DNA sequence: GCCGTTTTCGGCCCGACTGTTTTCAGTCG
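In the numbering used here, the protein residues as written are 348 to 924.
In structure tokens, the structure reads:
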């Protein structure tokens with residue numbers, strides 16, 4: 348999918364224009380278009396081919412021409428012109444916290460600094476303080492900023508950031524001065540990675556809260572400390588921003604800091620058109636200068652005539668249009684989940700027995716769980732031989748006598764072999780209740796081979812679900828080369844479900860692809876792939892990803908009650924057909 | 001560069017914090 352590459356190109360045009368001190372609104376236009384294309388639930392190429400570029404938010408005549416040029420030639424001439432006018436290194440320099448486009452340009456013009464290394468040298472030589480408007484303090488900050496960029500350039504996975512956010516909130520809630528505390532920002536929106544954490548506190552004693560916050564265990568550096576805001580860096584490199592407000596401003600502040608930036612801009616534009624002014628302090632009637640009472644986030648939306656928009660949907664501003672026209676989805680929730688269709692046991696590489704996994708699932712209120720251990724070719728993970736699988740099916744049958752309110756489904760996570768065949772024969776697969784098929788080998792195949800390989804697996808009548816369809820591991824392994832759009836089309840055609848693997852290292856399918864799949868009428872299965880009982884708790888990451896994909900419970904296979912689930916698995920629908 | 005039942009031209013969100021300044025620009029979210 349080219350959307351992300353194109354979005355990156357447009358965003359870079361915005362960065363370059365900013366360094367060149369161009370019209371800020373033109374810059375914003377490129378940023379908006381980039382963001383909008385990044386979040387598009389459809390391939391930009393398809394949209395272009397069908398002549399629908401004009402329908403994309405933030406894409407007008409000018410940028411549409413650039414998009415077309417990029418799709419046909421692979422580059423945008425205007426972008427290349429800009430690149431020639433701005434040394435490449437300046438793009439790195441504006442990533443340094445505290446150094447923006449103005450300072451980067453100033454440093455380049457005054458000192459000839461054109462890379463991160465040269466900037467560091469200039470700071471160490473004390474040359475930066477010789478520039479008018481910059482001083483010794485700025486020099487120090489830049490050096491610290493450079494260190495941060497080098498040490499921590501990556502965004503933090505949600506699976507790391509969320510526990511940190513919860514722990515900070517818990518620490519703050521212990522303070523007597525704190526009435527309410529919550530995390531906001533991209534962590535609350537459930538983005539798969541977060542740049543930093545945003546924490547909101549309601550309190551009548553902001554100084555006390557700020558003081559305690561900057562002294563929390565794990566704080567390595569204080570970046571800023573004001574009357575109501577503070578920023579720190581944790582020792583693990585994660586930045587945390589705190590905003591302290593009076594308790595009656597809490598909801599407005601929570602909304603503001605939850606963002607996204609684009610969502611806030613769209614909300615404020617709408618408010619302005621209604622004679623209102625929205626800020627993190629609340630909502631003011633411009634005419635009377637009176638503050639509107641805002642007790643909950645619901646009130647913020649109601650003030651501008653909209654229904655509540657869940658945080659996971661607050662991204663590019665297009666959610667406002669959906670809200671206005673009453674097209675917001677009723678998003679799937681944790682309590683809608685009735686089971687987990689992909690977990691492991693001690694039979695392969697899991698830590699707990701089938702019974703332990705089942706009891707843990709039952710304790711969570713689930714109606715069913717599918718044991719999907721690895722197949723034989725995955726030797727490193729203790730894959731089951733056909734004989735072992737038959738024995739496992741028998742054990743599951745025995746175990747199921749224990750309950751009349753819970754069922755273990757006999758399943759497998761069968762390997763899709765490099766040639767697209769499966770690791771068990773059809774006769775064996777037909778004896779299972781549910782089959783997840785996944786790629787675990789030969790991940791470096793070319794795009795066409797990989798795409799055909801997975802589609803071949805979907806054509807098997809006993810493959811109900813494709814597991815972690817793109818194979819990525821966040822921060823460690825890129826997705827393998829595969830045409831996700833064709834996978835989705837084939838899933839729709841064959842009736843195969845696609846997994847949203849809830850493990851926070853995977854989140855695969857990702858939000859945007861899940862939305863595409865939903866739009867194509869494909870079932871999604873939100874599974875934890877748990878290898879131990881505690882792993883079942885990661886379901887919420889998958890549900891959050893599903894919500895970011897605008898999924899309702901009617902799109903999620905494992906929101907079905909047991910009997911309905913069994914009827915809706917591909918194998919059974921086939922049989923009935 | 002985008003966009004429009006208040007506009008096809010003239011708008012385009014809002015406020016806090018920092019550092020280097022005698023009143024504010026740049027940066028950030």
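Glycine is no exception: its CB is placed at the ideal position from the N, C-alpha and C atoms.
As the structure is a prediction and not an experimental result, all values here were calculated from the model.
* Asked: Within 10 angstroms of its Cβ, does residue 727 collect 16 or more other Cβ (buried), or is it exposed?
  -> When all chains shown are included, residue 727 counts as exposed.
* To do: Could you pull the start and end residues of the beta strand (DSSP E) that residue 846 belongs to?
  => Per DSSP, the continuous beta strand (DSSP E) segment holding residue 846 begins and ends at 844–848.
* Please determine if the segment 480–500 and the segment 803–819 are in contact, where contact requires at least 3 C-beta pairs separated by less than 8 Å. => By the Cβ criterion, the segment 480–500 is not in contact with the segment 803–819, since fewer than three pairs of Cβ atoms, one from each stretch, lie closer than 8 Å.
* To do: Kindly indicate which three-state DSSP category residue 899 falls into: helix, strand or coil?
  => Residue state, collapsed to three classes: strand.
* Beta-carbon proximity check, residue 737 vs residue 875, cutoff 8 Å -> Not in contact: residue 737 and residue 875 (Cβ atoms no closer than 8 Å).
* Asked: Are the segment 360–369 and the segment 837–849 touching, with three or more C-beta to C-beta distances below 8 Å?
  -> These segments do not touch.
* Residues bridged to residue 576 by DSSP? -> The bridge partners DSSP lists for residue 576 are 590.
* To do: Please classify residue 807: is it buried, with 16 or more other beta-carbons within 10 angstroms of its beta-carbon, or exposed?
  => Residue environment for residue 807: buried (at least 16 other C-beta atoms within 10 angstroms of its C-beta).
* Compute the Euclidean distance between the alpha carbons of residue 411 and residue 400, then round it to the nearest angstrom. => Rounded to whole angstroms, residue 411 to residue 400 spans 6 Å at the Cα level.
* Roughly how many angstroms lie between the CA atoms of residue 423 and residue 353, to the nearest whole one? -> C-alpha separation (whole angstroms): 10 Å.
* **Where the alpha helix (DSSP H) containing residue 492 begins and where it ends** => Taken as a continuous stretch (DSSP letters only), the alpha helix (DSSP H) holding residue 492 covers 483–498.
* For my contact list, residue 441 and residue 362 are in at a C-beta cut-off of 8 Å; report their separation, rounded to the angstrom. => Yes, they are in contact, since the Cβ atoms of residue 441 and residue 362 sit about 6 Å apart, within 8 Å.
* Asked: Is the beta carbon of residue 758 sitting closer than 8 Å to the one on residue 789?
  -> In this structure, residue 789 does not lie closer than 8 Å to residue 758 by Cβ.
* DSSP state of residue 689, grouped into three classes? -> Three-state DSSP puts residue 689 in a strand.
* Residue from 889, 714, 852 with nearest C-alpha to residue 679 -> Of 889, 714, 852, the residue nearest in Cα terms is 889.
* Under three-state DSSP, which class holds residue 568? -> Three-state result, residue 568: strand.
* **Exposed unless 16 or more other CB atoms sit within 10 angstroms - verdict on residue 914** => For residue 914, the number of other beta carbons within 10 angstroms of its own is below 16, and it is reported as exposed.
* Report the option in 917, 918, 866 whose CA atom is closest to the CA atom of residue 899. => The candidate whose alpha carbon is nearest that of residue 899 is 866.
* First and last residue of the uninterrupted beta strand (DSSP E) at residue 754 -> 754–762 is the span of the beta strand (DSSP E), which, as asked, contains residue 754.
* Exposed or buried, which one is residue 827 when buried takes at least 16 other CB atoms within 10 Å? -> Its Cβ being crowded by 16 or more others within 10 Å, residue 827 is buried.
* Output the boundary residues of the alpha helix (DSSP H) element that contains residue 378. => First-last of the alpha helix (DSSP H) with residue 378: 371–385.
* Asked: What distance in whole Å lies between the Cβ atoms of residue 654 and residue 675, which are believed to be in contact at a cut-off of 8 Å?
  -> Taking the Cβ atoms as the reference, residue 675 lies roughly 6 Å from residue 654, within the contact range of under 8 Å.
* To do: Taking the CB atoms as reference points, tell me whether residue 561 and residue 492 lie closer together than 8 Å.
  => Taking C-beta atoms as the reference points, residue 561 and residue 492 fail to come closer than 8 Å.
* To do: Report the three-state DSSP secondary structure of residue 721 (helix, strand or coil).
  => Here residue 721 sits in strand by DSSP.
* Asked: Measuring CA to CA, which of 577, 656, 638, 637 is closest to residue 644?
  -> Among 577, 656, 638, 637, the Cα nearest to that of residue 644 belongs to 656.
* Asked: With distances taken from CA atoms, which of 784, 425, 725, 515 is nearest residue 525?
  -> For the residues 784, 425, 725, 515, the minimum Cα distance to residue 525 belongs to 515.
* To do: Could you tell me which residues DSSP puts in a beta bridge with residue 503?
  => BP columns for residue 503 point to 541.
* Asked: What are the boundary residues of the beta strand (DSSP E) that includes residue 638?
  -> From DSSP, the beta strand (DSSP E) with residue 638 extends over 637–639.
* To do: On the DSSP bridge assignment, give the partners of residue 784 in chain order.
  => According to DSSP, residue 784 bridges with 761, 813.
* **8 Å contact criterion, which residue 597 and residue 532 should meet: CB distance rounded** => Residue 532 and residue 597 do not touch by the CB rule: their CB atoms are close to 15 Å apart, not below 8 Å.
* To do: Tell me where the beta strand (DSSP E) around residue 529 begins and ends.
  => Where residue 529 is concerned, the enclosing beta strand (DSSP E) starts and stops at 525–530.
* Contacts around residue 683, its chain only, beta-carbon distance under 6 Å, and the 5 residues preceding and following it disregarded -> Spatial neighbours of residue 683 in its own chain (CB-CB distance under 6 Å, excluding positions within 5 residues in sequence) are listed in chain order as 900, 906.
* Asked: Can you give the Cα-Cα distance for residue 704 and residue 880, rounded to whole angstroms?
  -> In this structure, the straight-line span from the alpha carbon of residue 704 to that of residue 880 is close to 6 Å.
* With respect to 7 Å, is the separation between the Cβ of residue 351 and the closest non-hydrogen atom of the ligand NAD below this value? -> Here there are no bound small molecules, and the ligand NAD is not part of this structure.
* Asked: For the beta strand (DSSP E) that residue 625 lies in, which residues bound it at each end?
  -> Counting along the chain, residue 625 sits inside the beta strand (DSSP E) bounded by residues 623–626.
* With distances taken Cα to Cα, identify the nearest neighbour of residue 652 among 671, 666, 664. => Considering only alpha carbons, the answer is 671.
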